[in-house]
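Line order of the protein sequences matches chains E and H. Quick note on numbering: the numbering used here labels position 176 of the first sequence as 631, and the sequence is numbered without any gaps. Quick note on numbering: the numbering used here labels position 43 of the second sequence as 498, and the sequence is numbered without any gaps. Even glycine gets a Cβ: it sits at the ideal position worked out from N, Cα and C. Just so you know, these numbers come straight off a predicted model, no measurement behind them. Encoded as structure tokens, the structure appears first; notes follow it.
Protein chains: 2
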Amino acid sequence: MAKTNKTRYALLGVLTLRPCSGYDIKKFCDNHLNYIWSENYSHIYPVLRQMELEGLVTKITEHTEGRPVKNVYSISEKGKAELNDWLLLPIEPYSFRSELLLKIFFSGDIPLTNIIEKLEAKLDSDKQMLEYHEKIEQMLNTELRDRKETYLWRAVLSYGRHNARATITWCEETIQYLKELAEQEKL
Amino acid sequence: MAKTNKTRYALLGVLTLRPCSGYDIKKFCDNHLNYIWSENYSHIYPVLRQMELEGLVTKITEHTEGRPVKNVYSISEKGKAELNDWLLLPIEPYSFRSELLLKIFFSGDIPLTNIIEKLEAKLDSDKQMLEYHEKIEQMLNTELRDRKETYLWRAVLSYGRHNARATITWCEETIQYLKELAEQEKL
DNA sequence: GTATCCATGTAACCAGTTACATGATTGC
DNA sequence: GCAATCATGTAACTGGTTACATGGATAC
Chain E
456 MAKTNKTRYA
466 LLGVLTLRPC
476 SGYDIKKFCD
486 NHLNYIWSEN
496 YSHIYPVLRQ
506 MELEGLVTKI
516 TEHTEGRPVK
526 NVYSISEKGK
536 AELNDWLLLP
546 IEPYSFRSEL
556 LLKIFFSGDI
566 PLTNIIEKLE
576 AKLDSDKQML
586 EYHEKIEQML
596 NTELRDRKET
606 YLWRAVLSYG
616 RHNARATITW
626 CEETIQYLKE
636 LAEQEKL
Chain H
456 MAKTNKTRYA
466 LLGVLTLRPC
476 SGYDIKKFCD
486 NHLNYIWSEN
496 YSHIYPVLRQ
506 MELEGLVTKI
516 TEHTEGRPVK
526 NVYSISEKGK
536 AELNDWLLLP
546 IEPYSFRSEL
556 LLKIFFSGDI
566 PLTNIIEKLE
576 AKLDSDKQML
586 EYHEKIEQML
596 NTELRDRKET
606 YLWRAVLSYG
616 RHNARATITW
626 CEETIQYLKE
636 LAEQEKL
């Protein structure tokens with residue numbers, strides 16, 4: 456069997472929070488799950504249709520004047536059951552792949568300045584990630600504070616923070632280290 | 456164009472270190488790149504053959520008595536050039552996905568004990584990862600110490616260490632936090 | 001008048017996974 | 001006698017990406 460399709464569970468998960476269109480789901484992933492999960496339209500729409508056929512979700516088509524037609528999906532009892540079964544299963548082994556680390560590993564003949572540039576880009580993006588976490592944190596303390604899942608979302612957020620900080624520290628250390636090496640080479 | 460095939464660069468990279476068979480490459484990935492990159496045979500072999508056709512690698516078939524035939528590949532000048540071009544390019548944006556975090560995010564109706572189990576499994580695997588890092592560290596200080604790329608490998612290893620430690624801390628904190636919650640619920 | 005947002009999809013492609021197939025040698 | 005290692009591959013599948021296609025409404 457091929458790797459189980461996790462997209463369906465991600466979509467079902469979002470639908471437990473509230474009924475959504477494909478467009479809403481995409482927005483939710485981009486705005487709230489960005490640092491955990493990502494999806495794109497061309498995967499969301501077919502999976503939603505497939506799940507409708509399987510009876511995991513139900514569709515209602517909304518017509519509003521002056522707006523495009525909107526297909527709003529809700530999770531069914533069957534869908535909830537399937538999601539629950541999956542949530543209980545242990546985590547499948549995951550093969551980590553990092554283009555950045557792979558490149559550095561084989562960069563013996565690449566100018567140090569080029570490697571440093573890559574590290575600085577990574578540093579930037581992880582700093583931005585931390586700011587993004589701040590925003591989510593604030594949301595957890597305001598509009599989302601009364602949802603029963605808040606404590607879990609806080610835990611998930613905390614993972615992102617720990618790892619972003621670790622990466623930032625590593626970037627800074629490594630940039631420093633490579634810069635010192637570059638200095639020595641010049642002498 | 457679909458996401459560029461990074462497997463070829465990983466294979467080319469390994470071949471810059473020494474000529475290898477597909478089997479050797481797989482072993483190298485498992486033993487040395489485990490925390491950066493992974494490959495499996497059914498991808499390695501076709502990609503090697505493809506790269507041979509493109510003139511990026513050359514093949515020599517070794518016949519040794521009492522052993523299976525071994526196809527040893529070496530990187531060509533053209534292959535080195537292609538690898539180099541890729542190494543110089545900036546890192547492509549990467550969409551992070553974590554099954555563990557996704558599950559936790561949607562585990563509002565799942566028993567806390569189940570979530571804690573998953574965290575303990577993650578904690579274990581990251582502790583093992585740290586031990587594995589120790590081994591590589593020792594290799595860097597002994598048999599690999601005279602290779603010119605050692606300083607880069609050290610940097611890569613350091614990433615793994617920083618992130619494993621961050622994850623371990625997060626797991627411990629979160630387990631603690633959930634256990635306290637579970638206690639409160641019992642009261 | 002231009003960019004962004006809302007909204008839904010199809011077509012084509014391909015990277016990577018799982019399962020299958022084979023067989024000799026070495027170490028416990 | 002059994003498991004692990006050495007060694008190479010094919011077949012089938014599918015998840016996910018990119019590119020393409022459309023078009024009205026709203027904000028600047």
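Rounded to the nearest whole angstrom, the CA to CA distance from H:Pro-566 to E:Asn-596 is 24 Å. In the three-state DSSP reduction, H:Ser-529 falls in the strand class (E or B).
Using a Cβ-Cβ cut-off of 8 Å, H:His-617 counts as an interface residue toward chain E, since at least one Cβ of chain E sits closer than that to its own. Below the 7 Å Cβ cutoff, chain H contributes Phe-551 as neighbours of E:Tyr-490, in chain order. E:Val-611 places its beta carbon less than 8 Å from that of H:Phe-560. Contact check for E:Asn-489 against H:Ala-621 fails: the beta carbons are separated by 8 Å or more. Cβ neighbours of E:Lys-481 within its own chain (closer than 8 Å, five residues either side excluded): Glu-494, Asn-495, Tyr-496 and Ile-499. Secondary structure of E:Glu-589 (DSSP, three-state): helix.
At a cut-off of 8 Å between beta-carbon atoms, E:Val-512 makes no contact with chain H. A contact is defined here as three or more CB-CB pairs under 8 Å, and the region 467 to 481 of chain H fails this definition with respect to the region 626 to 639 of chain H. Only exposed fits E:Ala-536, as fewer than 16 other CB atoms lie within 10 angstroms of its CB. The criterion of a C-beta distance shorter than 8 Å is not satisfied by H:Tyr-549 and E:Glu-592. In the structure shown, H:Glu-547 adopts coil according to DSSP, grouped into three states. In the structure shown, E:Lys-558 adopts helical secondary structure according to DSSP, grouped into three states. From the listed residues E:Leu-585, E:Lys-603, E:Leu-599 and E:Ser-562, the smallest Cα separation to E:Thr-624 is found for E:Leu-585. Separation of E:His-518 and E:Leu-556 (C-alpha to C-alpha, rounded to the nearest whole angstrom) is 49 Å.
Taking CB atoms only, E:Asp-601 has no neighbour in chain H less than 8 Å away. The Cβ atoms of H:Leu-467 and H:Ile-515 lie no closer than 8 Å to each other. Between E:Tyr-464 and E:Leu-503, the gap from beta carbon to beta carbon reaches 8 Å or more. For the region 505 to 529 of chain E, there are no residues whose beta carbon sits under 7 Å from a beta carbon of chain H. Interface with chain H (8 Å Cβ-Cβ cutoff): E:Thr-629 is included. Not a single C-beta of chain H is nearer than 8 Å to the C-beta of E:Lys-582.
About 6 Å separates the CB atoms of E:Leu-607 and H:Ser-562; that is less than 8 Å, so the two are in contact. Here the alpha carbons of E:Glu-598 and E:Thr-605 stand approximately 11 Å from one another.
By the Cβ neighbour-count rule, H:Phe-551 is exposed, with fewer than 16 other Cβ atoms within 10 Å of its own. Per the coordinates, the alpha-carbon of E:Glu-507 lies some 13 Å from the alpha-carbon of E:Cys-475. Counting only Cβ-Cβ distances below 8 Å, H:Arg-620 has contacts in chain E at Ala-621, in chain order. Among the CB atoms of chain H, one or more fall inside 8 Å of the CB of E:Gly-468. Residue pairing by DSSP places H:Cys-475 opposite H:Tyr-528 in a beta bridge. For E:Gly-563, a Cβ of chain H is located within less than 8 Å of the residue's own Cβ. Residue environment: H:Thr-629 is assigned as buried (16 or more neighbouring CB atoms within 10 Å of its CB, all protein chains considered). Residue state for E:Ile-515 is assigned as strand, using DSSP reduced to three classes. Among the residues of chain H, none has a CB under 9 Å from the CB of E:Pro-474; the nearest is roughly 16 Å distant. Inclusion of H:Leu-542 and E:Lys-558 in the CB contact set at 8 Å is warranted, their separation being smaller than that value.
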